[in-house]
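Keeping their order, the protein sequence lines are chains B and G. The opening position of the first sequence corresponds to residue 64 in this note's numbering, with each subsequent residue numbered one higher. The opening position of the second sequence corresponds to residue 64 in this note's numbering, with each subsequent residue numbered one higher. Where a beta carbon is used, it is the ideal one built from N, C-alpha and C, also for glycine. First comes the structure, then the notes that go with it.
There are 2 protein chains.
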Amino acid sequence: MKHKTIQLAHGSGGRLMNDLIRDLFLRVLHPDQPAEMEDFADLRLSGNRISFSTDSFVVDPIFFPGGDIGELAVYGTVNDISMGGATPRFLSAGFILEEGFPVEDLEKIVASMARAAKKSGVRIVTGDTKVVHRGSADKIYINTAGIGESELDLNISSSQIKAGDRILVSGTLGDHGIAIISVREGLSFESPVTSDTAPLNGLIRKMVEAGGAAVHAMRDPTRGGLSSTLNEFAESAGVGIELNEADIPVKETVSGACELLGFDPLYVANEGKLVAVVSHEAAPKVLSAMKQHELGTDSADIGYVTGSNPGQVIMKTELGSSRIVDMLAGEQLPRIC
Amino acid sequence: MKHKTIQLAHGSGGRLMNDLIRDLFLRVLHPDQPAEMEDFADLRLSGNRISFSTDSFVVDPIFFPGGDIGELAVYGTVNDISMGGATPRFLSAGFILEEGFPVEDLEKIVASMARAAKKSGVRIVTGDTKVVHRGSADKIYINTAGIGESELDLNISSSQIKAGDRILVSGTLGDHGIAIISVREGLSFESPVTSDTAPLNGLIRKMVEAGGAAVHAMRDPTRGGLSSTLNEFAESAGVGIELNEADIPVKETVSGACELLGFDPLYVANEGKLVAVVSHEAAPKVLSAMKQHELGTDSADIGYVTGSNPGQVIMKTELGSSRIVDMLAGEQLPRIC
Numbered sequence: 064m065k066h067k068t069i070q071l072a073h074g075s076g077g078r079l080m081n082d083l084i085r086d087l088f089l090r091v092l093h094p095d096q097p098a099e100m101e102d103f104a105d106l107r108l109s110g111n112r113i114s115f116s117t118d119s120f121v122v123d124p125i126f127f128p129g130g131d132i133g134e135l136a137v138y139g140t141v142n143d144i145s146m147g148g149a150t151p152r153f154l155s156a157g158f159i160l161e162e163g164f165p166v167e168d169l170e171k172i173v174a175s176m177a178r179a180a181k182k183s184g185v186r187i188v189t190g191d192t193k194v195v196h197r198g199s200a201d202k203i204y205i206n207t208a209g210i211g212e213s214e215l216d217l218n219i220s221s222s223q224i225k226a227g228d229r230i231l232v233s234g235t236l237g238d239h240g241i242a243i244i245s246v247r248e249g250l251s252f253e254s255p256v257t258s259d260t261a262p263l264n265g266l267i268r269k270m271v272e273a274g275g276a277a278v279h280a281m282r283d284p285t286r287g288g289l290s291s292t293l294n295e296f297a298e299s300a301g302v303g304i305e306l307n308e309a310d311i312p313v314k315e316t317v318s319g320a321c322e323l324l325g326f327d328p329l330y331v332a333n334e335g336k337l338v339a340v341v342s343h344e345a346a347p348k349v350l351s352a353m354k355q356h357e358l359g360t361d362s363a364d365i366g367y368v369t370g371s372n373p374g375q376v377i378m379k380t381e382l383g384s385s386r387i388v389d390m391l392a393g394e395q396l397p398r399i400c
Numbered sequence: 064m065k066h067k068t069i070q071l072a073h074g075s076g077g078r079l080m081n082d083l084i085r086d087l088f089l090r091v092l093h094p095d096q097p098a099e100m101e102d103f104a105d106l107r108l109s110g111n112r113i114s115f116s117t118d119s120f121v122v123d124p125i126f127f128p129g130g131d132i133g134e135l136a137v138y139g140t141v142n143d144i145s146m147g148g149a150t151p152r153f154l155s156a157g158f159i160l161e162e163g164f165p166v167e168d169l170e171k172i173v174a175s176m177a178r179a180a181k182k183s184g185v186r187i188v189t190g191d192t193k194v195v196h197r198g199s200a201d202k203i204y205i206n207t208a209g210i211g212e213s214e215l216d217l218n219i220s221s222s223q224i225k226a227g228d229r230i231l232v233s234g235t236l237g238d239h240g241i242a243i244i245s246v247r248e249g250l251s252f253e254s255p256v257t258s259d260t261a262p263l264n265g266l267i268r269k270m271v272e273a274g275g276a277a278v279h280a281m282r283d284p285t286r287g288g289l290s291s292t293l294n295e296f297a298e299s300a301g302v303g304i305e306l307n308e309a310d311i312p313v314k315e316t317v318s319g320a321c322e323l324l325g326f327d328p329l330y331v332a333n334e335g336k337l338v339a340v341v342s343h344e345a346a347p348k349v350l351s352a353m354k355q356h357e358l359g360t361d362s363a364d365i366g367y368v369t370g371s372n373p374g375q376v377i378m379k380t381e382l383g384s385s386r387i388v389d390m391l392a393g394e395q396l397p398r399i400c
C-alpha cells in the first residue's frame, strides 16, 4: 500500500479503491485465490432453506482484551445465523472508514476477520468500502451479513417455548461488556477480564445432536444482556420465566467490577454465550453436551418456563426473595459491539 | 414513538430498541405481517445457486433531487445482485444512527426503503440498528446486503468478454453525481438534474431474454463512473476497449454542469444505469430490447472490444483525435452514494 493512512480516494471507486481491494482485502482474506472483482458473489448451496442475518459493529475501543472489531464482526453474524440451527457458510463485509485511519490497523482487523472466518468455517465472499471525512465516523465501522444453510430442517424459534422448559446458559455472563468498560475507564483487575467473543456454531451443533427438536429456542444475549433476551422470549411466547440467582454463572472479577460500577451482570453484553430453552426431559442431556464443548464448560441450568406471569421474568434471589427482571430500560454501555 | 430524536438507548438492546423495531421498522416495512423479532430470517429458495452482495451508503445529503439514502440503499444492492442475471429476492438492512437524528427523517427513509423494495420485488427480511454518540457519524449510514436467485443459470462475468463485443449503456451518464453536487454547491439549472436511482432488474431481465448467453458482462457504473467500470473490464479480461465520444449519451444540463465544475461525465457516478458487453451479432437485438424498457429509452452502442491495447480504454473524441480514458485517479465526489 502506497499510503499509511486511509484517504478519501480509497472510497472513490477508482484506482486507489481498486488497489485497496486487491492489495489489502483480497490479499489478506483470500491469499490462495486469484482476485475476483465482481460486485457480487456467485454461490452454490447444498439445499434451499437458508438463514440470513446482519449486524453492524461500532465497538469502542476497536482493539480490546480478548478481541477486536474484526473478530467481533465475524463471530457476531456467525452466531446470529446459527441460532436457528443453520450452518454458517458465507459472509459479506461492508467497511465505513474514517479518513486518516491507519492502514496498519485496517490490515490487523482484516487479518483478524480472516482468522475468525477460518475458525467459524465461513468464507467472506463479497464486500464494500466507503470512506467518510475525518470526524464523520469514529475510525472504523463494519457491517457483516451472513448466510447459513439449514440442512437439518429444524424449527428453533421462540414460538416453540412451552411451560416446563428449562433455561440453559452456556457460561459466565457479562465478560464482554466488562472487558470493554474496563478499557474505557482505565480499570485494571488482579485477573484481567477478557471478552468472550467466539463462534457458537460448533457448540450449537453438539446441542442439536443431543437434543434434536427438544431444543425449542436459542439466542445469544449480546446488547441488553440475558435479561433482555429472556424478556423477549417471555413476551413473544406469552409465558413467564423463573430464574434462580444462585445458579447463574458470573466470574468473580466480573461480579466485583459490576458492583464497583453499579452494573447488574444480567444486563451486561456477552459475545460468546447463548441461552437455550430446552424441554424439561432433554435438558440434562443437552446440558451435559454443552459442558463437554470447550465453549460450554461453565454451562448451567438457571431456571424454567412457567404458565404463570406471562411476559414476565422473575428471579429468586440468593437471599430468598423474588424480584422482577425487566428488559433494560435506558442505555448502559453505548458502542459495546 | 415516544421520542422525537434518536437516543443512545435506541441502540441499547433493551426496551427502547425493541420499541424502535416494532413501532417504526416493522410497522413501516411489514404493515401486514405479525412482528417477528428473531435475530435471523428463515428463508426458502426455489433453487440452490444464488448471488450475494453488499453496499454501505453514506451519501450526503441524505435527501436529494430524485431520491434519498433509503431508496439508494435498496436499489444499489438490488442492482449489484442483478448484474449476473439473478433475480433479487431478500435484503438485510443495517442502520448506524447518530444520536439526535430526527425520528421523522428516519421514518421517511424507512418508508422510502419499503416503496423501493416493493418496486424491486424484494423483501427486507432482517436488520440491525446501532446508535453512536453525536459527532461519531453524520446523521445516518445504511448497509444493505442482498440475496438473488440465479434460476436462469447464466454465466455473465467479465471473464466472458471477447474481442469484437459491443459496449452498450442503458442511458445518459452522470445524472446522479450532478444531482448530488448541485445540492451541495447550491447550484440551480434551468431544467433541474435529478438522480437516476432505479432498480435495474427488470431491464436486465429483458436484455437476457433478448440476448441469452450473448450478454457477456454487465455492471452498474456507480462510484468512479463509466471510465472505472470499463477499465476494470479491460484489465480483468485482458482486452482493449474503444469508445466513440459522439455516441455516449449525456444530458445537456449535465454536460453543462460538468463543464462549469471541471468534471468529466465519464467519471461521474450513476445509480440507475448499466453498461453491458454483448456479442457483435446480438448487440442490435439487445439494444432494441433495452430501448423498449422505460429505464433504457436512451440506451446506446458506444464502442467495442478489441484485441489490441489490452487493459486500455481509448476514446475517439468528437474532434477526431484519440485519448486514453484512465481509471479515476484521485477522489472526485466523496460520499456520492
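- request: Within its chain, find whatever has a CB closer than 6 Å to the CB of H196(G); leave out the 5 residues flanking it on each side and keep chain order.
  value: These residues qualify, in order along the chain: E162.
- prompt: Is the number of C-beta pairs between the segment 119-130 of chain B and the segment 357-366 of chain G that are closer than 8 Å three or more?
  reply: Here the segment 119-130 of chain B makes no contact with the segment 357-366 of chain G; the two share fewer than three CB pairs at distances below 8 Å.
message: Taking 8 Å as the threshold (beta carbon to beta carbon), is A104(G) in contact with chain B?
response: Interface annotation, A104(G): in contact with chain B, CB-CB separation under 8 Å.
field: Close-in-space but distant-in-sequence residues of the same chain around V278(B) (CB under 7 Å, 5 per side omitted)
entry: The beta carbon of V278(B) sits closer than 7 Å to the beta carbons of I219, M270, V271, A339, V341, V349 from its chain, once the five residues preceding and following it are set aside; these are given in chain order.
- prompt: Cα separation between G211(G) and R112(G)?
  reply: Their Cα atoms are separated by approximately 9 Å.
query: What are the residues of the segment 133-152 of chain G that lie near chain B, defined by any Cβ-Cβ distance shorter than 7 Å?
result: Hits within the stretch, in order: D143, I144, M146, G147.
query: Under a three-way DSSP split, which group does H356(G) fall into?
result: The answer is coil: DSSP assigns H356(G) none of H, G, I, E or B.
query: Could you give the residue range of the alpha helix (DSSP H) that holds V246(G)?
result: Where V246(G) is concerned, the enclosing alpha helix (DSSP H) stretches over 238-247.
Continuous alpha helix (DSSP H) stretch holding R268(G): start and end: Counting along the chain, the unbroken alpha helix (DSSP H) around R268(G) starts and ends at 264-274.
task: Closer than 7 Å by beta-carbon distance: list the chain B residues that pair up with R247(G), in chain order.
output: Per Cβ cutoff of 7 Å: no residues; R247(G) is ~13 Å from chain B at best.
- prompt: Would you say S116(G) reaches chain B, if we count a Cβ-Cβ gap shorter than 8 Å as a contact?
  reply: Closer than 8 Å: yes.
query: Using CA coordinates, which residue listed in F103(B), M64(B), I125(B) is at the minimum distance from R90(B)?
result: Of the candidates F103(B), M64(B), I125(B), the one whose C-alpha sits nearest the C-alpha of R90(B) is M64(B).
task: May I ask which residues mark the beginning and end of the beta strand (DSSP E) holding S119(G)?
output: First-last of the beta strand (DSSP E) with S119(G): 112-120.
field: For P373(B), three-class secondary structure by DSSP
entry: It is coil, neither helix nor strand.
message: Mapping the DSSP letters down to three states, classify A280(G) as helix, strand or coil.
response: DSSP places A280(G) in strand when its eight states are reduced to three.
message: Three or more C-beta pairs under 8 Å: does that hold for the segment 170-178 of chain G against the segment 303-311 of chain G?
response: When Cβ pairs closer than 8 Å are counted between the two stretches, the segment 170-178 of chain G is seen not to touch the segment 303-311 of chain G, the count staying below three.
- prompt: What three-state label does DSSP hand T257(G) in the structure shown?
  reply: Here DSSP, grouped into helix, strand and coil, assigns T257(G) to coil.
query: Pick from G240(G), Y138(G), I267(G), K314(G): whose alpha carbon is nearest that of S116(G)?
result: The shortest Cα separation from S116(G) among G240(G), Y138(G), I267(G), K314(G) belongs to Y138(G).
field: Limits of the alpha helix (DSSP H) - the one that I172(B) falls within
entry: Membership of I172(B) in the alpha helix (DSSP H) is indicated by the continuous run 166-183.
message: Taking the straight line between their C-alpha atoms, what separation do you get for D123(G) and K202(G)?
response: If you take the alpha carbons of D123(G) and K202(G), they lie about 9 Å apart.
query: Which one of A346(G), D283(G), G227(G), E295(G) has the shortest CA to CA distance from G275(G)?
result: With distances taken between CA atoms, G275(G) lies nearest to A346(G) out of A346(G), D283(G), G227(G), E295(G).
message: Check whether chain B comes within 8 Å of R90(G), counting only Cβ atoms and requiring the distance to be less than that.
response: No, R90(G) lies away from the interface with chain B (no Cβ there is under 8 Å from its Cβ).
field: Straight-line gap, Q223(B) to A280(B) (C-alpha atoms, nearest Å)
entry: The alpha-carbon atoms of Q223(B) and A280(B) are separated by roughly 7 Å.
Close beta carbons around A320(B), own chain, < 6 Å, minus the five adjacent residues each side: The beta carbon of A320(B) sits closer than 6 Å to the beta carbons of I241 from its chain, once the five residues preceding and following it are set aside; these are given in chain order.
field: Interface partners of V121(G) on chain B, CB under 9 Å
entry: By Cβ distance, chain B contributes G74, I159, K193, V194, V195, S199, A200.
task: Mind listing the chain G neighbours of G335(B)? Cutoff is C-beta to C-beta under 7 Å, in chain order.
output: Neighbours of G335(B) on chain G: none; closest Cβ ~15 Å, over 7 Å.
- prompt: Residues of chain B with a CB under 7 Å from the CB of R286(G): which are they?
  reply: Neighbours of R286(G) on chain B, chain order: S75, G76.
- prompt: Residues of chain B with CB under 7 Å from T189(G), in chain order?
  reply: For T189(G), the neighbours in chain B by C-beta distance under 7 Å run, in chain order, F115, S116, T117.
message: Can you confirm whether I210(B), when its beta carbon is compared against all beta carbons of chain G, has any partner nearer than 8 Å?
response: True, the Cβ-Cβ gap to chain G drops below 8 Å.
query: Cβ of S299(G) less than 8 Å from any chain B Cβ?
result: At a cut-off of 8 Å between beta carbons, S299(G) contacts chain B.
message: Tell me which residue opens and which closes the beta strand (DSSP E) that Y204(G) is part of.
response: For Y204(G), the enclosing beta strand (DSSP E) has its first and last residue at 203-212.
query: Name the chain G residues that come within less than 7 Å of Q395(B), Cβ to Cβ?
result: Contact of Q395(B) with chain G by beta-carbon distance below 7 Å involves S75.
field: Span of the beta strand (DSSP E), counted from its first residue to its last, around R78(B)
entry: Unbroken run through R78(B) is the alpha helix (DSSP H), 78-83; no beta strand (DSSP E).
- prompt: Got a sec: is the Cβ-Cβ distance from G129(B) to anything in chain G below 8 Å?
  reply: With 8 Å as the cut-off, G129(B) does not count as an interface residue toward chain G.
Top-ranked residue by Cα proximity to H73(G), from E381(G), E298(G), L391(G), T192(G): Closest option to H73(G), judged by alpha-carbon separation, among E381(G), E298(G), L391(G), T192(G): T192(G).
message: Out of P255(G), N206(G), L329(G), which one is the CA nearest neighbour of E134(G)?
response: Looking at the Cα atoms, N206(G) is the closest of the given residues.
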